[in-house]
Amino acid sequence: MADFTADQAAVVRIERAEEGRWDLSVISDSGVRMGHGEYLFDASDDDATSERAAALDFVRGYGFRFEPDAVVADGPDAYWAPLLALDER
Numbered sequence: 884m885a886d887f888t889a890d891q892a893a894v895v896r897i898e899r900a901e902e903g904r905w906d907l908s909v910i911s912d913s914g915v916r917m918g919h920g921e922y923l924f925d926a927s928d929d930d931a932t933s934e935r936a937a938a939l940d941f942v943r944g945y946g947f948r949f950e951p952d953a954v955v956a957d958g959p960d961a962y963w964a965p966l967l968a969l970d971e972r
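Take any residue in the sequence shown, count from 1 to its spot, add 883: that is its number in the working numbering.
Structure, rendered in C-alpha cells:
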C-alpha cells in the first residue's frame, strides 16, 4: 500500500477541510504528503475521540500508529502526531 519506509514517514496530519470532513495525511520526514484519506462524520461524532480513532485506523493501513496523547494542535482545526511503526513500542 505504501511506497515508503517506516524511517521516511514522520507524522499524521488531521485537518478540518470543511464542515463534516477531516482530511488525514501521512507526511514524510522531508515534508512530502505520502498518503491521504478523509474522515466523514455528522455533528454528533465531531469530537477528539472520534477524530483520533479515525486517524489511527487510517495510519494502520500504512503500517503505522501514534500515541493519542502525542497529538499536537497546529491551529484551530489542524492537528498532527508523530508516527510509529505498528510493531514499535
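A virtual CB, placed ideally from N, CA and C, is assigned to each residue, including glycine. No experiment lies behind these values; they were computed from the predicted model shown.
For residue i, does the three-state DSSP call read helix, strand or coil?
{"i": "residue 913", "result": "coil"}
{"i": "residue 966", "result": "coil"}
{"i": "residue 885", "result": "A caution first: residue 885 carries a pLDDT of 47, below 50, which makes its placement in the model unreliable, though a value can still be read off. If DSSP states are grouped into helix, strand and coil, residue 885 belongs with coil."}
Measure the C-alpha to C-alpha separation of residue i and residue j and round it to an integer number of angstroms.
{"i": "residue 894", "j": "residue 960", "result": "16 Å"}
{"i": "residue 966", "j": "residue 947", "result": "6 Å"}
{"i": "residue 896", "j": "residue 914", "result": "11 Å"}
{"i": "residue 929", "j": "residue 938", "result": "13 Å"}
{"i": "residue 901", "j": "residue 927", "result": "16 Å"}
{"i": "residue 884", "j": "residue 936", "result": "Any answer about residue 884 is weak, because its pLDDT of 41 lies below 50 and its placement is not dependable; what the coordinates show is given next. Approximately 20 Å, taken between the alpha carbons."}
Spell out the partners DSSP gives residue i in its beta bridges.
{"i": "residue 923", "result": "904"}
{"i": "residue 950", "result": "None; residue 950 has no bridge partner."}
{"i": "residue 898", "result": "906 and 961"}
{"i": "residue 918", "result": "909"}
{"i": "residue 956", "result": "962"}
Relative to the C-alpha of residue i, which residue among the options is closest?
{"i": "residue 921", "options": "930, 906 and 928", "result": "906"}
{"i": "residue 934", "options": "969, 956, 913 and 970", "result": "956"}
{"i": "residue 969", "options": "942, 900 and 898", "result": "942"}
{"i": "residue 944", "options": "904, 912, 898 and 917", "result": "917"}
{"i": "residue 925", "options": "903, 958, 954 and 971", "result": "903"}
Counting contacts by CB-CB distance shorter than 8 Å, is residue i in contact with chain C?
{"i": "residue 904", "result": "Absence of chain C from the displayed structure is noted, only one protein chain being present."}
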